[in-house]
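*Asks:*
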Amino acid sequence: MTDPIDVAILGASGYTGAELVRLLLRHPHVRIAALTADRKAGQAMADVFPQFSGIELPRLTTIAEVDLDAIDLVFCALPHGTTQGVIADLFARKPSLKVVDLSADFRLADPAAYETWYGHPHQQLALQEEAAFGVVELNREAIAKARLVANPGCHSTTSILPVVPLLKDKLIHPDQIVITSATGMSGAGRAAKEEMLFSEVSEGVHAYGVGKHRHTAELDQEFDKAAGRPARATFTPLLIPMNRGIYATITVTLEGGATAEQLHETLARTYAGEPFVTVLPFGKVPQSRHVRGSNGVQLGVVADRGPDRAVLISTLDNLTKGASGQAVQNMNLICRFPETSGLEQLAIFP
Numbered sequence: 001m002t003d004p005i006d007v008a009i010l011g012a013s014g015y016t017g018a019e020l021v022r023l024l025l026r027h028p029h030v031r032i033a034a035l036t037a038d039r040k041a042g043q044a045m046a047d048v049f050p051q052f053s054g055i056e057l058p059r060l061t062t063i064a065e066v067d068l069d070a071i072d073l074v075f076c077a078l079p080h081g082t083t084q085g086v087i088a089d090l091f092a093r094k095p096s097l098k099v100v101d102l103s104a105d106f107r108l109a110d111p112a113a114y115e116t117w118y119g120h121p122h123q124q125l126a127l128q129e130e131a132a133f134g135v136v137e138l139n140r141e142a143i144a145k146a147r148l149v150a151n152p153g154c155h156s157t158t159s160i161l162p163v164v165p166l167l168k169d170k171l172i173h174p175d176q177i178v179i180t181s182a183t184g185m186s187g188a189g190r191a192a193k194e195e196m197l198f199s200e201v202s203e204g205v206h207a208y209g210v211g212k213h214r215h216t217a218e219l220d221q222e223f224d225k226a227a228g229r230p231a232r233a234t235f236t237p238l239l240i241p242m243n244r245g246i247y248a249t250i251t252v253t254l255e256g257g258a259t260a261e262q263l264h265e266t267l268a269r270t271y272a273g274e275p276f277v278t279v280l281p282f283g284k285v286p287q288s289r290h291v292r293g294s295n296g297v298q299l300g301v302v303a304d305r306g307p308d309r310a311v312l313i314s315t316l317d318n319l320t321k322g323a324s325g326q327a328v329q330n331m332n333l334i335c336r337f338p339e340t341s342g343l344e345q346l347a348i349f350p
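Heads up: the sequence shown begins at 1 in UniProt numbering, then just goes up one per residue.
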């Protein structure tokens, strides 16, 4: 019987923090020992998220008030650009701590790329060198040995899972990958923003961050590595009026006489036995509603009308597999728990 570990969630008042609480309350090997917030410090979690009414949870505190001596692992669900200093301080206080960071602060291995995309120099280069990029299905060995895991972005996870195996097998052209990735509203966070008001976003769809979305840097990093050369995908995110989910359509150009059926065979072989990735039968199209609320990913491969092209379709829930669910999956690897622990819930449909 594995002894439970005590975890802290920094930034518990946001959507990803609340999703971590939802998942960890059902985890057989975890106790939630501390929850932090900034403006909402001192409040009960149920005051911030009423779905937790009647559930005994720690009150929200500041990060400085967390007793790290009583904590085994920390989830950082803090805004981008704030986490590097926080995590450096955590490790200075307790070097044996394990950390899963849900921000973008440790996702990019190249400091120059980080500065280009985030507009300021990386502040913790030594920690960056030891951070493991947390796409579990493609980086298990490094994650299992890490004390710091950089949870990848939701858009990037959705596209990395179908594209990387095909680049590794040289089945698709590295410079002819076109990604359109539609996300629900919770991806924009919980802060009040005029452009996220119901009347501003309902009954329509729009692109954002065109040609400059920061998740593009993660795609460059992982696609380059898989292809063994620079690979430059075209990535366009869309905002659609639903609460949860990401749905990516990816058009690829085939290489070396490959067929769309071979792409499907490669993905089916790569993810055979994976608990959270399902490759649908060839030609079948996944739907975002069929992964909602779960840690699952569904992948589809469809032949395009041109013999040298194919369409990959990938969908996941941006708050679970795209953020908090993948973070729990990473924790399970680090702590040697069964990888599916706390993540067994099926999709909520209808």
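Glycine residues also receive a C-beta, built at the ideal position from the N, C-alpha and C atoms.
(1) Using only the alpha-carbon positions, how far apart do methionine 1 and valine 7 sit?
(2) So, does the stretch 305 to 313 touch the stretch 243 to 253, judging by three or more C-beta pairs under 8 Å?
(3) Buried or exposed for tyrosine 114, please, with buried defined as at least 16 other CB atoms from any protein chain shown within 10 angstroms of its CB.
(4) For threonine 36 versus leucine 10, is the C-beta spacing smaller than 8 Å?
(5) From lysine 168 to serine 288, what does the alpha carbon distance come to, in whole angstroms?
(6) Using only CA atoms, which one of Gln298, Val302, Arg93, Glu339 lies nearest to isoleucine 318?
(7) Just reading off the beta strand (DSSP E) that arginine 309 is part of, what are its end residues?
(8) If we cut at 8 Å on Cβ distances, does valine 86 have a partner in chain C?
(9) Give the C-beta separation of leucine 263 and valine 301 to the nearest angstrom, bearing in mind that I take them to be a contact with Cβ-Cβ under 8 Å.
(10) Residue range of the alpha helix (DSSP H) that aspartate 224 falls in?
(11) Give the secondary structure of valine 164 by DSSP, where H, G and I count as helix, E and B as strand, and everything else as coil.
(12) Could you tell me the boundaries of the alpha helix (DSSP H) in which histidine 173 lies?
(13) For cysteine 76, which residues does DSSP report across the bridge?
(14) What first and last residue would you give for the alpha helix (DSSP H) that runs through phenylalanine 91?
(15) Helix, strand or coil, according to DSSP, for leucine 25 in the structure here?
(16) Express the C-alpha separation of alanine 88 and threonine 82 in angstroms, rounding to a whole number.
(17) Please return the same chain residues whose Cβ sits closer than 8 Å to the Cβ of tyrosine 208, not counting the five positions on each side in sequence.
(18) Taking arginine 232 and aspartate 220 to be in contact with their CB atoms under 8 Å, please state how far apart those CB atoms are, rounded to whole angstroms.
(19) Tell me which residue opens and which closes the alpha helix (DSSP H) that glycine 325 is part of.
(20) Per DSSP, what kind of secondary structure is valine 301 in: helix, strand or coil?
(21) Let's see if you can read the secondary structure: which residues bound the beta strand (DSSP E) around valine 252?
(22) If I measure Cβ to Cβ from glutamine 123 and keep anything under 8 Å in the same chain, skipping five residues before and after, which residues do I get?
(23) I believe glycine 273 touches threonine 157 by the beta-carbon criterion, under 8 Å. Please report the beta-carbon distance rounded to the nearest angstrom.
(24) Name the residue from His290, Ala44, Asp72, Ala150 whose alpha carbon lies nearest to the alpha carbon of aspartate 105.
(25) In this structure, does DSSP put valine 201 in helix, strand or coil?
(26) Taking the alpha-carbon positions, what's the alanine 217 to leucine 108 distance?
(27) Compare the beta carbon distance of valine 30 and glycine 342 with 8 Å and say whether it is the shorter of the two.
(28) Classify serine 13 as buried or exposed, calling it buried when 16 or more other Cβ atoms lie within 10 Å of its own Cβ.
(29) Have a look at valine 285 and aspartate 110 and give me their C-alpha separation to the nearest angstrom.
(30) Do valine 277 and leucine 161 count as a contact pair if the criterion is CB distance below 8 Å?
(31) Rounding to the nearest angstrom, what Cα-Cα distance links lysine 98 and leucine 333 in this structure?
(32) Identify the residues that DSSP records as bridge partners of valine 30: which are they?
(33) Determine the direct distance from the alpha carbon of alanine 268 to that of threonine 340, and round the result to whole angstroms.
(34) Which term fits aspartate 72, buried or exposed, when burial requires 16 or more other beta carbons within 10 angstroms of its beta carbon?
(35) Helix, strand or coil for phenylalanine 52, going by three-state DSSP, please let me know.
*Replies:* Working from what's here:
(1) Confidence at methionine 1 is low in this model, with a pLDDT of 49, below 50, so the placement of that residue should be treated as unreliable; the coordinate-derived value is given next. Approximately 18 Å, taken between the alpha carbons.
(2) Touching, per the Cβ criterion.
(3) It is buried - the Cβ of tyrosine 114 has at least 16 other Cβ atoms within 10 Å.
(4) Yes, they are a contact pair.
(5) Their backbone Cα atoms lie some 27 Å apart in a straight line.
(6) As written in the sequence, residue 318 is asparagine, which differs from the isoleucine given in the question. Checking every option, the nearest Cα to that of asparagine 318 belongs to Gln298.
(7) Start and end: 309 to 316.
(8) Any reference to chain C falls outside this structure, which holds one protein chain only.
(9) At roughly 5 Å, the Cβ-Cβ gap stays under 8 Å, so leucine 263 and valine 301 are in contact.
(10) According to the DSSP assignment, aspartate 224 belongs to the alpha helix (DSSP H) that extends over 215 to 227.
(11) In the structure shown, valine 164 sits in a helix (DSSP, three-state: H, G or I).
(12) Boundaries for histidine 173: no alpha helix (DSSP H) harbours it, while the beta strand (DSSP E) harbouring it runs 172 to 183, taken from the DSSP string.
(13) DSSP, once it has assigned bridges, lists Leu10, Asp101 as partnering cysteine 76.
(14) Unbroken alpha helix (DSSP H) run through phenylalanine 91: 83 to 93.
(15) Reduced to three states, the DSSP call for leucine 25 is coil.
(16) Rounded to the nearest whole angstrom, the C-alpha separation of threonine 82 and alanine 88 is 11 Å.
(17) So the qualifying residues of the chain are Pro237, Leu238, Leu239.
(18) Distance from arginine 232 to aspartate 220 at the Cβ level is roughly 7 Å; contact confirmed, criterion being Cβ atoms closer than 8 Å.
(19) Unbroken alpha helix (DSSP H) run through glycine 325: 325 to 334.
(20) In the structure shown, valine 301 falls within a strand segment according to DSSP collapsed to helix, strand and coil.
(21) Unbroken beta strand (DSSP E) run through valine 252: 246 to 254.
(22) For glutamine 123, where only same-chain residues beyond five positions count, the Cβ hits under 8 Å are Gln84, Gly85, Ala88.
(23) Actually they are not in contact, since the Cβ atoms of glycine 273 and threonine 157 sit about 19 Å apart, beyond 8 Å.
(24) The shortest C-alpha to C-alpha distance from aspartate 105 to any of His290, Ala44, Asp72, Ala150 is the one to Ala150.
(25) DSSP places valine 201 in helix when its eight states are reduced to three.
(26) So the two alpha carbons sit approximately 7 Å from each other.
(27) Going by C-beta atoms, valine 30 is nearer than 8 Å to glycine 342.
(28) The residue is buried, with at least 16 neighbouring Cβ atoms inside 10 Å.
(29) Each residue's CA atom was taken as its position, placing valine 285 and aspartate 110 some 36 Å apart.
(30) Closer than 8 Å, so yes.
(31) Approximately 11 Å between the Cα atoms of the pair.
(32) Among the bridge pairs identified by DSSP, valine 30 is matched with Ile5.
(33) Inter-residue distance for threonine 340 and alanine 268 is about 20 Å (C-alpha atoms, whole angstroms).
(34) By the neighbour-count criterion, in which a residue is buried when 16 or more other Cβ atoms sit within 10 angstroms of its Cβ, aspartate 72 is buried.
(35) Reduced to three states, the DSSP call for phenylalanine 52 is helix.
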